[in-house]
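Below is one structure; the comments refer to it alone.
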Amino acid sequence: MGLIYTTGTNDHKASAALAGADDSHGQCPLCMTRGASLFHCDRKREYYRCAACALVFVPRAWHLPPGEEKRRYDHHRNDPADPAYRRFLARLVDPLAARLRPGMRGIDFGCGPGPAVSRMMGEQGFPMADYDIFYAPHVALLEQRYDFLTCTEAVEHFAAPRREWARFMSLVKEGGWLGIMTQMLTRGVDFGSWYYKNDDTHVCFYSRETFRFLARRHGLAPTFIGDSVILLQRRG
591 MGLIYTTGTN DHKASAALAG ADDSHGQCPL CMTRGASLFH CDRKREYYRC AACALVFVPR
651 AWHLPPGEEK RRYDHHRNDP ADPAYRRFLA RLVDPLAARL RPGMRGIDFG CGPGPAVSRM
711 MGEQGFPMAD YDIFYAPHVA LLEQRYDFLT CTEAVEHFAA PRREWARFMS LVKEGGWLGI
771 MTQMLTRGVD FGSWYYKNDD THVCFYSRET FRFLARRHGL APTFIGDSVI LLQRRG
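Quick note: the sequence shown, position 17, residue 607 per our numbering, numbers continuous.
And the structure:
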């Protein structure tokens, strides 16, 4: 049985019938299954839930234009030297580093304007390349393969998650690791009042069920650390 969430008050003027007129609203961008159901509405957007992979997503009609999206990111203050930010990232960095072998190298996908994960991993002896579509668009890095990949607070921004997860699999070697940080949609969450959905750049919301779906599809072994860190090892 799928997860059950409380969804808060529906105060959006658009109706499910209107959304159904555009079939793309009901097609999951992660697994491409059609028939996703309207999950929640608010004054700004509609949210749909896929019955196949449990992804909750915002249809493209409500996505920000790339220029506006980048302007939002430009205001982020993610200082690699900030102790509080480093403690936040350590929730992923430390358990991932503990699973790696000396000499492994990785890529931080979606590093943002102030790459901190690569610095922290480098301090533990694991060099990393930095890639970001806006701030470090070094496409040649995407032609290589890596022992591990990190993606912190970025998968929720993916407009085309199926494409990006396929890219992840092309980047990570067999036996390698993916370290993902995103706030998961857990049991009992009141989606209507959930802070994480209020960021207009957040368009995909994952649950454990979604990550288990991805693990089955891509041959990964998942480990959940709290409600925001997921380590996935690619089977050799």
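Each residue gets a CB set at the ideal place from its N, CA and C atoms; glycine is no exception.
Assigned secondary structure, residue i (DSSP; H/G/I helix, E/B strand, else coil)
i, result
"Pro812", "strand"
"Tyr796", "coil"
"Leu821", "strand"
"Val535", "No information on residue 535 is available, as it lies outside the stretch 591 to 826 that the chain covers here."
"Arg624", "coil"
"Leu828", "Because the chain is modelled from 591 through 826, residue 828 falls outside the range shown and cannot be assessed."
"Ser702", "According to the sequence displayed, residue 702 carries Gly and not Ser. Reduced to three states, the DSSP call for Gly702 is coil."
"Arg691", "coil"
"His615", "helix"
"His653", "coil"
Buried or exposed (CB count within 10 angstroms, at least 16 for buried), residue i
i, result
"His665", "exposed"
"Asp612", "With a pLDDT of 49 at Asp612, under the threshold of 50, the modelled position of that residue is not reliable, and the figure given next carries that caveat. Answer is exposed; the Cβ neighbour count stays below 16."
"Arg753", "exposed"
"Ile717", "A small correction: the amino acid at residue 717 is Pro; Ile does not occupy that position in the sequence shown. When all chains shown are included, Pro717 counts as exposed."
"Leu822", "buried"
"His728", "exposed"
"Pro619", "buried"
"Ala644", "buried"
"Glu713", "exposed"
Close-in-space but distant-in-sequence residues of the same chain around residue i (CB under 8 Å, 5 per side omitted)
i, result
"Gly809", "Arg824 and Arg825"
"Asn668", "Tyr675, Gly702, Pro703, Gly704 and Ala706"
"Ala764", "The residue asked about is misnamed: residue 764 is Glu in this sequence, not Ala. So the qualifying residues of the chain are Arg824, Arg825 and Gly826."
Where the alpha helix (DSSP H) through residue i begins and ends
i, result
"Asp664", "Pro656 to Asp664"
Residue i - containing beta strand (DSSP E), residue span
i, result
"Asp698", "Gly696 to Phe699"
"Ala677", "Checking the sequence shown, residue 677 turns out to be Arg, not Ala. Careful: Arg677 lies outside any beta strand (DSSP E), inside the alpha helix (DSSP H) at Pro673 to Ala687."
"Cys631", "Ser627 to Cys631"
"Arg667", "Arg667 -> no beta strand (DSSP E), and no H or E assigned at all."
"Arg639", "Glu636 to Arg639"
Other residues of its chain near residue i: CB distance less than 7 Å, five sequence neighbours each side excluded
i, result
"Phe801", "Pro812 and Ile820"
"His653", "Ala749 and Val793"
"Gly715", "Pro692"
"Met774", "Tyr796, Ser797, Arg798, Asp817 and Ser818"
"Pro832", "The displayed coordinates of the chain run from 591 to 826. Any statement about residue 832 would go beyond what the structure contains."
"Phe814", "Arg798 and Ile820"
"Thr742", "Leu679, Leu682, Val707 and Met771"
Neighbourhood of residue i by C-beta, 6 Å cutoff - its chain only, sequence neighbours within 5 removed
i, result
"Pro703", "Tyr725"
"Tyr786", "Gln773"
Every unbroken alpha helix (DSSP H) within the stretch 713–792, with a cutoff of 4 residues, ordered by chain: For the stretch 713–792, whole alpha helix (DSSP H) runs of length 4 or above, ordered along the chain, are 751–761.
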